[in-house]
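Numbering (UniProt numbering), first residue to last: 2 to 138.
No residue lacks a Cβ here, since even glycine has one placed at the ideal position from N, Cα and C.
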Amino acid sequence: KKIIIINGPNLNLLGVRETSIYGNQDFISYFEGLKGDFQELELHYYQSNHEGAIIDKLHEVGFSYDGVILNAGAFTHTSVAIGDAIAGIKTPVVEVHISNVHQRETFRHHSYLAKNCVGVICGFGLNSYKLAIHSFV
Ligand code: DQA
C-alpha cells in the first residue's frame with residue numbers, strides 16, 4: 002500500500018518548536034523509524050508551509066495512493082480550501098494532530114477538514130501518526 006504523510010506549516014520545526022507541546026524529536030528521524038516499523042508499506046513524506054502547495058500535493062496523490070495522513074497544522078482551523086481538496090479527491094484522508102487540540106485554545110477546537118476525513122487522531126504525540134497508519138493496514 003502507498004501512504005503519504007503530509008505535514009503543514011511549522012511542522013518542519015518539530016524538535017525545536019514549542020517542545021513542551023510537540024516534543025524533542027524531529028520529524029525526519031521519527032519518519033525513518035516509521036519506515037522501519039512498516040516495511041510492507043510504501044511510505045512517503047511531504048511537508049510544506051504553504052496552503053496551495055498542500056492542496057497541490059493532495060491533488061497529486063489523491064487518485065492513486067491508498068491513504069493520506071494529514072497534519073495541516075494551523076490550516077486545520079482556517080482552511081476551507083484544504084477541506085474542499087479533501088472532499089474532491091478519492092484517497093481517504095486521516096486528520097492527525099500531535100497535541101490534544103481540545104485541551105488547548107478554543108480556536109483549535111474546530112477543524113475545517115474533519116468533516117471530509119475518515120477519522121481524526123489527536124493527542125498522542127508523534128505516536129498519533131503511527132496510530133493513523135494502523136487505520137490503513
Ligand atoms: C497541530 C495543532 C495545531 O493547532 C497547531 O497549529 C499545529 C500543530 C498538532 O499537531 O498538534 O501547528 O496540528
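Own chain partners of residue i with C-beta closer than 7 Å, once the 5 adjacent residues on each side are dropped
{"i": "ILE87", "result": "LEU59, VAL94, LEU114, ASN117, CYS118"}
{"i": "GLY126", "result": "GLY24, ILE99"}
{"i": "GLU52", "result": "PHE76, SER80, ALA82, ILE83"}
Own chain residues within Cβ distance below 6 Å of residue i, not counting five before or after
{"i": "PHE28", "result": "LEU15"}
8 Å CB neighbourhood of residue i in its chain, flanking five on each side removed
{"i": "ARG18", "result": "ASN11"}
Residue i at chain D interface by Cβ criterion, 9 Å
{"i": "VAL95", "result": "The chain labelled as chain D is not found in the depicted structure, where only one protein chain is given."}
Segment limits, alpha helix (DSSP H) that includes residue i
{"i": "HIS60", "result": "52 to 62"}
{"i": "LYS36", "result": "28 to 38"}
Proximity of residue i and residue j at Cβ, strictly below 9 Å
{"i": "LYS36", "j": "PHE64", "result": "no"}
{"i": "GLY68", "j": "ILE5", "result": "yes"}
{"i": "TYR66", "j": "VAL97", "result": "no"}
Rounded distance between the beta-carbons of residue j and residue i, thought under 8 Å
{"i": "HIS135", "j": "PHE108", "result": "At roughly 29 Å, the Cβ-Cβ gap does not stay under 8 Å, so HIS135 and PHE108 are not in contact."}
Boundaries of the beta strand (DSSP E) in which residue i is found, first to last residue
{"i": "ILE4", "result": "3 to 8"}
* Taking three-plus beta-carbon pairs below 8 Å as touching, is the stretch 3 to 13 in contact with the stretch 72 to 79? -> Between the stretch 3 to 13 and the stretch 72 to 79 there are three or more C-beta pairs closer than 8 Å, enough to call the two in contact.
* Asked: Are the stretch 40 to 50 and the stretch 95 to 112 in contact at 8 Å, needing three or more beta carbon pairs?
  -> Because the criterion of three Cβ pairs below 8 Å is not met, the stretch 40 to 50 and the stretch 95 to 112 do not touch.
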